[in-house]
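Below: one structure, written as structure tokens.
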Amino acid sequence: MKPAAFQYSRPGTVAEAIALLSAAAGSAMPISGGQSLLILMSLRLTMIDMLVDVSRLPELREIRDDRRHVFIGATTTHATIEDGKIPDPSSGLMSRVASKIAYRAIRNLGTIGGSMALADPSADWPPCLIALDAEVSIAGPDGQRWEKAEDFVRGAYETSLLPAEIVLGVRIPRRKSARWGTCKVSRKSGAFADSMAVFVEASDDGPPRAALTGTTSHARLLPRVSQYAQDHSFLDAGDLRAVILDDLAELVPDADPYQLRCHVATVSRAITEARSS
Amino acid sequence: MTITHLTINGEAHSQQIDPRESLADFLRERLNLTGTHLGCEQGACGACTVSIDGMVVRSCVVLAVMCDGRKIETIEGTRNTEPMDIIRRHFHEKHALQCGFCTPGMLMMARDIIARHPEPNESVIRNQLSGQICRCTGYAGIVAAISSAAREIRDSAQ
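Chains as they are written, first to last, in this note's numbering: chain A, 2 to 278; chain B, 528 to 685.
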């Protein structure tokens, strides 16, 4: 359970970090909390020649609140969000999601940007940020770009990040009188989700958004469920179940009966929680 | 090799550290601080819990080089300190350990739980302890010890 040898560097700026990643041509990885990456390296599931320590870069620690959005720097830890130490655009949803990630000792180091960049298929932040309609800020050799969370995550451990790009942070719209619900099924508290759903709807702009993870692939928006919630202020349990199964048939065609039951349960409970709040 | 400056249990150390060395291995192999136990070495069991700048972490999933400039406290550093002495006494009285392998991590976590939840009920304690694995006690004694230690610490602060 020891990682293979690798080089370590701690650049002082984002530009230096990008230059190091560029020069390594795909054999280097940024590291901040390392709470998933170091375990993957210790288990020899991934081999990396160089770790670029971005945990102390000031640009990645920024928190900005311009009333319409909150920008959360990539190296903000789960524990910081759990404890409500930064402005919250989500009326409590993010604190609740953070509090259920792994264990406190992991949450003290693990970061929101790292969770997005690694894109574990069962990680908690991708469905939460997709449901919140967040955008990911990315810096690379060609400058800075934004990408919607739902487009950023592409597959299991797969994102739109190029080898020399790093996540700077996420920008989350503040939505008026937002209601939300979330439900996570895992074999024990702190374990990765077998299924996790997040549902967000607001009275002002944009339709409701339901997102699901815990599939064999990656976190997704559930388009039919979101539409159904928009069209129905009162839910019919049977109709909702049928709509969820429709989305699952397309997004998770390989799901077994147990997984289907989990997904139907978490999505239904997330919406029910939002509607009863 | 990278020169790393660490404060461990109040003492300054500067060492050449191999990047692949975990904080746990550094503490145990270089400094002989073997109170930090290694169970799973993959962040699952909690036996290696220590604190960095006052936050509990799992030292098996922390690189020692990344701790440059940080203050580390291990179980050895908690000797004759409050409130750990109170927690330790309650662990003894409530039979919160048998083989003792998980105990250093349990104590570090117990202190953190009490600091964040001064009046923890059983469900809070069990939830917060869910990342610390004990194969002897069935947890009942540990939960009771944390609960009664929290009460004594709360009462003595008033």
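Glycine residues also receive a C-beta, built at the ideal position from the N, C-alpha and C atoms.
- Query: Which residues, in order along the segment 646-667 of chain B, keep a beta-carbon less than 7 Å from a beta-carbon of chain A?
  - Reply: N654, Q655, S657, G658
- Own chain, CB closer than 8 Å to H70 (chain A), minus 5 neighbours either side, in chain order: In the first sequence, the residue the question calls residue 70 (chain A) occupies position 69. Only P90, R172, I173, P174, R175 meet the Cβ criterion.
- Message: Could you give the first and the last residue of the continuous beta strand (DSSP E) run that contains Y9 (chain A)?
- Response: As a position in the first sequence, residue 9 (chain A) is number 8, starting the count at 1. From DSSP, the beta strand (DSSP E) with Y9 (chain A) extends over 8-10.
- Query: Closer than 8 Å, Cβ to any Cβ of chain B: which residues of the segment 40-63 of chain A, in chain order?
  - Reply: I40, S43, L44, L52, D54, S56
- Task: For A103 (chain A), go through chain B and note every residue whose CB falls closer than 9 Å to its CB, in chain order.
- Result: Position 102 of the first sequence, counted from the first residue, corresponds to residue 103 (chain A). What A103 (chain A) touches in chain B: G570, G658.
- Query: What's the C-alpha gap between S277 (chain A) and P128 (chain A)?
  - Reply: On the first sequence, position 276 is the one that residue 277 (chain A) refers to. On the first sequence, position 127 is the one that residue 128 (chain A) refers to. Going by the C-alpha atoms only, they are around 21 Å apart.
- Item | Under 7 Å by beta carbon: chain B residues contacting G191 (chain A) | Your numbering for residue 191 (chain A) matches position 190 in the first sequence. Here the neighbours are S657, G658.
- Query: When the Cα atoms are used, what is the spatial distance from L550 (chain B) to M48 (chain A)?
  - Reply: Locating residue 550 (chain B) in the second sequence gives position 23, where the first residue counts as 1. Locating residue 48 (chain A) in the first sequence gives position 47, where the first residue counts as 1. So the two alpha carbons sit approximately 20 Å from each other.
- Message: Using a 10 Å radius around the Cβ and a threshold of 16 neighbouring Cβ atoms, would you call A275 (chain A) buried or exposed?
- Response: Indexing the first sequence from 1 puts residue 275 (chain A) at position 274. A275 (chain A) comes out buried.
- Task: Grab the span of the alpha helix (DSSP H) containing E136 (chain A) for me, first residue to last.
- Result: Position 135 of the first sequence, counting from 1, holds the residue named residue 136 (chain A). Per DSSP, E136 (chain A) belongs to no alpha helix (DSSP H); it is in the beta strand (DSSP E), 136-141.
- Item | Start-end ranges of the beta strand (DSSP E) lying completely within the segment 575-637 of chain B, minimum 3 residues | 576-579, 582-585, 598-600
- Just tell me which of B:A642, B:A676, B:L558, B:Q659 has its CA closest to the CA of E603 (chain B). To locate residue 603 (chain B), count along the second sequence from 1; it is residue 76. Nearest of B:A642, B:A676, B:L558, B:Q659 to E603 (chain B), Cα basis: B:L558.
- Message: When you compare the CB of Y9 (chain A) with every CB in chain B, is at least one pair closer than 7 Å?
- Response: Residue mapping note: residue 9 (chain A) aligns to position 8 of the first sequence, counting from 1. It does: the Cβ of Y9 (chain A) has a partner Cβ on chain B nearer than 7 Å.
- Strand pairing of V253 (chain A), partner residues [DSSP]: Counting from one through the first sequence, the residue named residue 253 (chain A) turns up at place 252. Paired residue(s): none; V253 (chain A) is not in a bridge.
- Task: Could you tell me the boundaries of the alpha helix (DSSP H) in which I19 (chain A) lies?
- Result: Position 18 of the first sequence, counted from the first residue, corresponds to residue 19 (chain A). Element bounds for I19 (chain A): 15-25.
- Message: Ignoring anything shorter than 4 residues, give me the alpha helix (DSSP H) runs that lie fully in the segment 138-203 of chain A, in order along the chain.
- Response: 150-153
- Task: Give me whichever residues DSSP pairs with T534 (chain B) in a beta bridge.
- Result: By 1-based counting over the second sequence, the position of residue 534 (chain B) is 7. According to DSSP, which records beta bridges pairwise, T534 (chain B) is partnered with B:A539, B:K598.
- Taking 8 Å as the threshold, find out whether the segment 178-194 of chain A comes into contact with the segment 156-166 of chain A through three or more Cβ pairs. no
- So which residues on chain B does Q36 (chain A) lean against when the C-beta distance must stay under 7 Å? Translated into the one-based positions of the first sequence, residue 36 (chain A) becomes position 35. Near Q36 (chain A) (Cβ distances below 7 Å), the residues of chain B are G570, V588.
- Query: Looking only at DSSP bridge pairs, what is H264 (chain A) linked to?
  - Reply: Taking the first residue of the first sequence as position 1, residue 264 (chain A) is located at position 263. DSSP, once it has assigned bridges, lists no residue as partnering H264 (chain A).
- Identify the contact partners of G521 (chain B) in chain A, using a Cβ-Cβ distance below 8 Å as the criterion. Given a span of 528 to 685 for chain B in the structure shown, any question on residue 521 (chain B) remains unanswerable.
- Buried or exposed: which applies to A132 (chain A), given that a residue is buried once 16 or more other Cβ atoms fall within 10 Å of its Cβ? Along the first sequence, read from residue 1 onward, the residue named residue 132 (chain A) stands at position 131. By the 10 Å Cβ count, A132 (chain A) comes out buried.
- Task: Return the CA-CA distance between I64 (chain A) and H622 (chain B), expressed in angstroms with no decimal places.
- Result: Taking the first residue of the first sequence as position 1, residue 64 (chain A) is located at position 63. Taking the first residue of the second sequence as position 1, residue 622 (chain B) is located at position 95. Distance between the alpha carbons of I64 (chain A) and H622 (chain B) is about 46 Å.
- Task: Using a Cβ cut-off of 7 Å (strictly closer), state whether P4 (chain A) contacts chain B.
- Result: Numbered from its first residue, the first sequence carries residue 4 (chain A) at position 3. So yes, P4 (chain A) belongs to the interface.
- Message: So P515 (chain B) contacts chain A; which residues on that side make the cut at Cβ distance below 8 Å?
- Response: The structure shown does not extend to residue 515 (chain B), since chain B is modelled only from 528 to 685, so the question has no answer here.
- Query: Cβ of L110 (chain A) less than 7 Å from any chain B Cβ?
  - Reply: Indexing the first sequence from 1 puts residue 110 (chain A) at position 109. Output row for L110 (chain A): interface = yes.
- Query: Going by the CB atoms, is the gap between E556 (chain B) and C587 (chain B) shorter than 7 Å?
  - Reply: Here residue 587 (chain B) corresponds to residue number 60 of the second sequence, with the count starting at 1. Here residue 556 (chain B) corresponds to residue number 29 of the second sequence, with the count starting at 1. Against a cut-off of 7 Å, the Cβ pair of E556 (chain B) and C587 (chain B) comes out as no contact.
- Query: Any idea what DSSP makes of I322 (chain A), helix, strand or coil?
  - Reply: Since the first and last residues shown for chain A are 2 and 278, residue 322 (chain A) lies out of range.
- Message: Below 8 Å, how does it come out for the segment 102-109 of chain A and the segment 12-23 of chain A: are there three or more Cβ pairs, yes or no?
- Response: no
- Item | 7 Å Cβ cutoff met for A75 (chain A) and L169 (chain A) | Here residue 75 (chain A) corresponds to residue number 74 of the first sequence, with the count starting at 1. Here residue 169 (chain A) corresponds to residue number 168 of the first sequence, with the count starting at 1. Cβ atoms of A75 (chain A) and L169 (chain A): closer than 7 Å.
- Item | the segment 203-213 of chain A in contact with the segment 119-126 of chain A per 3-pair CB rule at 8 Å | no
- Query: Does V583 (chain B) get closer than 7 Å to chain A when you measure Cβ to Cβ?
  - Reply: Translated into the one-based positions of the second sequence, residue 583 (chain B) becomes position 56. Interface residue, yes.
- Item | Contact test: M528 (chain B) Cβ vs the ligand FMN heavy atom, cutoff 6 Å | The ligand FMN is absent from the structure shown, which contains no ligand whatsoever.
- Item | Distance between beta carbons of A150 (chain A) and L130 (chain A), contact taken as under 8 Å | As a first step, residue 130 (chain A) is located in the first sequence; it is residue number 129 there, counting from the start. As a first step, residue 150 (chain A) is located in the first sequence; it is residue number 149 there, counting from the start. With a Cβ gap of about 4 Å, L130 (chain A) and A150 (chain A) count as contacting.
- Message: Judging by CA-CA distance, which residue of B:I544, B:P631, B:V670 is the nearest neighbour of R606 (chain B)?
- Response: Here residue 606 (chain B) refers to the residue found at position 79 when the second sequence is read from its first residue. The residue with the shortest Cα to Cα distance from R606 (chain B) is B:P631.
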